[in-house]
Amino acid sequence: MSENTIAIQLDGKEVLLPVVVGTENEKALDISKLRDESGYITLDTGYKNTGATSSAITFLDGEKGILHYRGYDISELAEKSTFVEVSYLLLYGNLPTAAQLAEFEASLASQSLPAGFADLQKSFPSEAHPMAQLSAGVTLLSNYFDGNTSLPTDENIHSLLGNFGAIAANIQNNFLSKDFNQFSGKGFVYDFLTMAFGEEPDQVIVDAMDKLLILHADHEQNCSTSTVRIVGSSHANVFASVSGGINALWGPLHGGANQSVLEMLESIKKDGGDIDKYVAKAKDKNDPFRLMGFGHRVYKNFDPRARIIKKASDSVLEKLGVKDEALDIAKQLEKIALEDEYFVTRNLYPNVDFYSGIIYKAIGFPTEMFTVLFALGRVPGWLSHWKEMRDRKEPIGRPRQVYTGSTLRKYNSINER
Numbered sequence: 093m094s095e096n097t098i099a100i101q102l103d104g105k106e107v108l109l110p111v112v113v114g115t116e117n118e119k120a121l122d123i124s125k126l127r128d129e130s131g132y133i134t135l136d137t138g139y140k141n142t143g144a145t146s147s148a149i150t151f152l153d154g155e156k157g158i159l160h161y162r163g164y165d166i167s168e169l170a171e172k173s174t175f176v177e178v179s180y181l182l183l184y185g186n187l188p189t190a191a192q193l194a195e196f197e198a199s200l201a202s203q204s205l206p207a208g209f210a211d212l213q214k215s216f217p218s219e220a221h222p223m224a225q226l227s228a229g230v231t232l233l234s235n236y237f238d239g240n241t242s243l244p245t246d247e248n249i250h251s252l253l254g255n256f257g258a259i260a261a262n263i264q265n266n267f268l269s270k271d272f273n274q275f276s277g278k279g280f281v282y283d284f285l286t287m288a289f290g291e292e293p294d295q296v297i298v299d300a301m302d303k304l305l306i307l308h309a310d311h312e313q314n315c316s317t318s319t320v321r322i323v324g325s326s327h328a329n330v331f332a333s334v335s336g337g338i339n340a341l342w343g344p345l346h347g348g349a350n351q352s353v354l355e356m357l358e359s360i361k362k363d364g365g366d367i368d369k370y371v372a373k374a375k376d377k378n379d380p381f382r383l384m385g386f387g388h389r390v391y392k393n394f395d396p397r398a399r400i401i402k403k404a405s406d407s408v409l410e411k412l413g414v415k416d417e418a419l420d421i422a423k424q425l426e427k428i429a430l431e432d433e434y435f436v437t438r439n440l441y442p443n444v445d446f447y448s449g450i451i452y453k454a455i456g457f458p459t460e461m462f463t464v465l466f467a468l469g470r471v472p473g474w475l476s477h478w479k480e481m482r483d484r485k486e487p488i489g490r491p492r493q494v495y496t497g498s499t500l501r502k503y504n505s506i507n508e509r
């Protein structure tokens with residue numbers, strides 16, 4: 093037997109499964125021909141141990157707390173690059189030269205919402221959740237572009253990425269029943285903040301927002317990214333595919349986590365702000381209460397993104413001088429989680445959702461907008477995976493199942509039931 097295969101015995105027959113090894117020495121069994129050769133499929137509810145594809149975009153090691161975009165460590169990118177640079181890296185595989193970055197920035201800046209689009213956004217009910225407005229808005233945008241938007245062209249990708257900030261800013265103003273604002277032409281993040289709040293932002297805020305978007309730009313095969321890829325595998329256009337990812341992100345177990353953090357802080361505040369009470373509830377395994385924003389489903393150590401954004405969080409709070417009881421509760425919880433043996437031994441450290449929620453609240457974003465801001469950061473990752481999947485001409489996604497329903501039954505006419 094070759095070192096590159098593993099043999100398994102199924103019903104007395106030996107089946108050889110190829111071993112696939114990634115560039116970071118991740119090992120996988122290629123089971124793509126297992127059913128054809130043996131009649132068996134694998135069962136992995138939630139796909140926790142199933143590689144649905146190979147990808148050259150992001151490497152994540154949850155046990156070691158590692159996150160790399162195209163081979164670059166996330167901490168170095170967050171410290172030295174901009175969100176637009178990182179978007180280029182994710183999409184095209186390398187950091188841009190000065191000329192490439194200027195061309196990319198100019199292409200994104202040249203995108204503008206089609207005539208009449210903002211009026212359609214204003215027609216959405218202001219009380220509708222911003223994520224519902226975002227999903228609908230991105231799908232709606234596809235109607236304004238000629239040609240085949242299911243092809244992974246720069247035109248299609250730049251049109252969505254370049255317009256995403258304006259769509260998101262308009263959603264915030266519609267949600268708050270305010271007038272829509274024009275962009276200033278000073279850069280992707282700067283323009284978004286200007287459109288969202290109607291005034292030019294402080295550079296500390298711009299820098300913190302830029303880092304947050306970088307940290308959220310991609311995270312391997314998570315729920316929303318997998319959704320984008322599987323929707324796109326049907327050759328659905330880029331707008332429909334990303335809209336699918338937006339809807340997946342909306343769930344509280346995924347992108348809604350940072351909103352849940354602030355809702356938790358507000359509930360603690362309304363209950364008198366007794367932090368010791370809620371820490372005790374969190375430690376009680378029989379109590380259903382959970383501290384939101386601590387620990388991570390993937391990272392079994394400290395979330396590497398949280399180390400970076402903690403500094404930005406401190407800078408924003410110091411710069412703005414925000415006095416808010418919910419944020420005070422957050423800082424006290426942070427101190428406990430970083431020092432208390434119960435949390436430290438269980439690796440229940442504050443994660444990126446904890447800090448991002450604090451920053452968004454301090455800047456002045458409504459809580460309901462938090463998941464939209466997550467999507468704003470994640471859109472280059474979604475587009476990169478969609479582009480990779482289409483460039484490779486991957487087949488349509490079609491998972492199998494193990495049927496557990498009734499076997500063949502006799503049909504009885506309605507008067508016999």
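When we follow our numbering, the leftmost residue of the sequence shown carries the number 93, and every step to the right adds one. Glycine included, each C-beta is placed from N, C-alpha and C at the ideal position.
Beta-carbon contacts of residue i that lie in its chain and below 6 Å, excluding the five residues immediately before and after
i    : result
L108 : T97, A99
M93  : Only weak support is given to the placement of M93: the predicted model assigns it a pLDDT of 43, under 50, and the value that follows is read from those uncertain coordinates. Answer for M93: A99, listed in chain order.
G290 : N273
V178 : L169, I306, A309
F435 : A429
M481 : R321, G324
N265 : F272
Expected contact under 8 Å - CB spacing of residue i and residue j to nearest Å
i    : j    : result
L252 : V334 : 6 Å
A467 : L341 : 6 Å
V353 : D445 : 6 Å
G229 : I259 : 5 Å
Q192 : G254 : Going by Cβ atoms, the distance from Q192 to G254 rounds to 16 Å, so no, they are not a contact pair.
N393 : K156 : 7 Å
Limits of the alpha helix (DSSP H) - the one that residue i falls within
i    : result
Q493 : Premise fails: Q493 is in no alpha helix (DSSP H) and is neither H nor E.
Q225 : 222 to 233
A372 : 367 to 375
E480 : 462 to 483
R127 : 126 to 130
Y447 : 444 to 455
T437 : 433 to 437
S251 : 246 to 267
F331 : 330 to 341
Beta bridge counterpart(s) of residue i as assigned by DSSP
i    : result
I100 : V107
P206 : For P206, which the question treats as bridged, DSSP gives no partner whatsoever.
V353 : BP columns for V353 are empty, so no partner.
Where the beta strand (DSSP E) containing residue i begins and where it ends
i    : result
A120 : 119 to 121
Other residues of its chain near residue i: CB distance less than 7 Å, five sequence neighbours each side excluded
i    : result
V296 : S407, V408, K411
H388 : D395, N443
I322 : G489
A374 : F381, R382, L383
P527 : A question about residue 527 goes unanswered here, because the residues of the chain that appear run from 93 up to 509.
L232 : L212
R397 : L159, I166, L307, V444
S476 : I149, L182, L183, D310
K479 : L183, P244, I249
Same chain only: Cβ atoms within 8 Å of residue i, ignoring 5 sequence neighbours per side
i    : result
G343 : C315
L243 : R482
G469 : F175, L304, L305, I306, L307, H308, A309
I400 : I166, S167, A170, E171, K303, L307
L121 : I98, L109, P110, V111, V112
V351 : Rather than Val, the amino acid found at residue 351 in this sequence is Gln. These residues qualify, in order along the chain: P344, G449, T459, E460, F462, T463.
K119 : V111, V112, V113
H346 : N314, C315, S316, A340
M356 : L383, M384, G385
Minimum Cβ-Cβ distance from residue i to chain C less than 7 Å
i    : result
F280 : The structure shown has no chain C; it contains just one protein chain.
Please go through the region 136 to 201 and give each complete alpha helix (DSSP H) segment of 4 or more residues, from N-terminal end onward.
-> 166 to 172, 175 to 184
Ranges of the alpha helix (DSSP H) found wholly within the region 385 to 417, counting only runs of at least 4 | 396 to 412
Going along the chain, which unbroken runs of the alpha helix (DSSP H) with 4 or more residues stay wholly within the region 269 to 326?
-> 280 to 289, 295 to 308, 315 to 324
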